[in-house]
Amino acid sequence: MIVNPQFFNYRLIIGSLVATIAVLCVFSFTSYQSIRTHQQFLEQEKHLMENELSQMILRYDNSLTSNNLLSTQLEDAKRETLVALDSLKLMQVDLSVISKFKNQVINLKEKNNLLFFTIDSLKAINHNLQKEKLLAYNELQKERLTNKKLSEENFILNKKLEEGAVLTANSFKAKAVKNFLGKAIITRKASSTNQIDVSFTLVENALAENGDKELYVQIVNPKNNVVADKGSIDFGNSLLIYSLKEVVNYQNNDMDVTLSIDTDNDDQPLTKGTYHINVFHKNHHLGSTKIELN
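Going by the working numbering, the letters in the sequence shown line up with residues 381 to 674, in that order.
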């Protein structure tokens, strides 16, 4: 068989070209795939950084504080993060841009962590202070309740002591007297009576204060008028019209007392009927008795 050299050269050239084209196609496809993968990686990195920045901004929004200094720092950090996020969104991604923003995100995260560490520390301190405040408030409430209870008990005790220290008397008696030529004659006749004597016993009381005691005698006639009206005394909630005021020296022992009340000319002659005699120490009613005049 005879081979044409020129034809053989053509076939060799064509085979070389085909091989070269195939190699170029494989290389181009591989390069395209590599570039596409690299671009996807950069896009993914950009997306991740955008998410990180968005999360930081959201955390700033959720971290309200009454501390003016921290509030200002939060606003500044949020503003800086917003600028970085807006800039990143506008940038066409390449390796230099990603590297630059990665460093910026790292710096922002460091500031973020430091700022929120401070906030968390202050929150913990504030929480402890609130617990201590609540404990102190509860203790104060307990103390107030205890003091209130003690005050009520003291009030009751003082009331009992006050009641126990009240002057008391018994054995009340009264008699009508006619004074004639310097002699005191007991009588039952209203027309003859110009003096009424009342006697009683102040009872021993160790709780009562000793000393001078003002006693008031009130005699009320059958017409409900006060005999021998000497005026009145106001005890705040009550007004007493009395027939006699007498001061006696009480020494915490049983003390027999006799008081004489002279009738006024305006009272003469006395009306027939029942006369009620009341004895008071201040506004406290010690006791009473009565006599019947004919």
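Each residue gets a CB set at the ideal place from its N, CA and C atoms; glycine is no exception.
Kindly list the residues whose CB is nearer than 6 angstroms to the CB of residue i, restricted to its own chain and excluding five residues on each side of it in sequence; keep chain order.
i, result
"D636", "T581"
"V627", "D592, E594"
"S446", "Low per-residue confidence applies at S446: pLDDT is 46, beneath 50, and the placement is therefore not dependable, though the value from the model is reported in the following sentence. Taken in chain order, the list of residues that qualify is empty."
"Q521", "none"
"Y412", "Note that Y412 scores a pLDDT of 48, beneath 50, so its modelled location is shaky; the value from the coordinates is reported in the next line. Excluding positions up to five away in sequence, the list is empty."
"L518", "In the sequence on display, residue 518 carries Asn and not Leu. Around N518: no qualifying Cβ."
Is the CB-CB distance between residue i and residue j below 8 angstroms?
i, j, result
"S612", "N663", "no"
"Y630", "Q598", "no"
"V606", "Y655", "no"
"N550", "G653", "no"
"Y596", "K553", "no"
"M603", "T651", "It is worth fixing the name first, because residue 603 is Lys in this sequence and not Met. Cβ atoms of K603 and T651: closer than 8 angstroms."
"T548", "L673", "no"
"A608", "I657", "no"
"P649", "S531", "no"
Between residue i and the rest of its own chain, which residues show a CB-CB distance below 7 angstroms, the 5 nearest in sequence each way excluded?
i, result
"K555", "I566, D577, I671"
"F615", "K662, N663"
"H665", "N658"
Bridge partners for residue i per DSSP, in chain order?
i, result
"S612", "I621"
"F660", "Y596, H665"
"Y655", "I671"
"M436", "Answer is none; M436 lacks a bridge partner."
"S640", "D577"
"E626", "L595"
Beta-carbon within less than 8 angstroms of residue i's beta-carbon, same chain only, minus the 5 sequence neighbours each way: which residues are those?
i, result
"A682", "What the structure shows of the chain is the stretch from 381 to 674, and residue 682 is not part of that stretch, so it cannot be assessed."
"V463", "none"
"N632", "E584, N585, A586, A588, N590"
"Q575", "A556, V557, K558, N559, A564, S640, I641, D642, T643"
"D646", "none"
"K610", "Y622, S623, L624, K625"
"D634", "T581, L582, V583, E584"
"R439", "N492, F496"
"A545", "N585, L587, A588, E589"
"L509", "none"
"K511", "none"
Determine, for residue i, whether the minimum Cβ-Cβ distance to residues of chain D falls below 8 angstroms.
i, result
"E584", "Absence of chain D from the displayed structure is noted, only one protein chain being present."
- [ ] Taking only runs that begin and end inside the segment 542 to 610, name each unbroken beta strand (DSSP E) of 3 or more residues, in chain order.
- [x] 549 to 560, 563 to 567, 575 to 582, 591 to 600
- [ ] Spell out a yes or no on whether the segment 567 to 577 and the segment 524 to 535 are touching, meaning 3 or more CB-CB pairs, one atom from each, closer than 8 angstroms.
- [x] no
Task: Touch test, the segment 556 to 565 against the segment 578 to 593, Cβ-Cβ under 8 angstroms, three pairs minimum - done: no
- [ ] Output the residue ranges of the alpha helix (DSSP H) runs that lie fully inside the segment 505 to 535 and measure 4 residues or longer, sorted by chain position.
- [x] none
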